[in-house]
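Trainee: Structure provided below as structure tokens; questions to follow.
In structure tokens form, the structure reads like this:
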């Protein structure tokens, strides 16, 4: 065993409480919403405005329990990463917008 690893213990496993399947906040639905958000790309015929709206909707679904500031940061990043035109991505990255509007 490597000397730097010897004696190091792994972090404890934390069990996630069971979620009531009849509840609004189903874990599997949240995970699916996050996967959909992370994999979103601007469609060929989708305008920049429509793309921004879709990103905001997907982010709201994926991060509904988190702060607006966090959701906005994730939205801007996804907008840039999924934009079909590199111009849109560069413009957003260079201007550091405070909103996705």
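Residue numbers (my numbering): 4 to 104.
Using N, Cα and C, we set each Cβ at its ideal position, and we do this for glycine too.
Would the segment 71-84 count as touching the segment 38-56 if we require 3 or more Cβ pairs under 8 Å?
Mentor: Yes, the segment 71-84 is in contact with the segment 38-56.
Trainee: With distances taken from CA atoms, which of 88, 89, 55 is nearest residue 76?
Mentor: For the residues 88, 89, 55, the minimum Cα distance to residue 76 belongs to 55.
Trainee: What's the gap between the Cα of residue 29 and the Cα of residue 69?
Mentor: Residue 29 and residue 69: Cα-Cα distance of roughly 15 Å.
Trainee: Using the Cβ count rule (16 or more neighbours within 10 Å means buried), how would you classify residue 32?
Mentor: Label assigned to residue 32: exposed.
Trainee: Determine the DSSP secondary structure at residue 66, reduced to helix, strand or coil.
Mentor: In this structure, residue 66 counts as coil in the three-state DSSP scheme.
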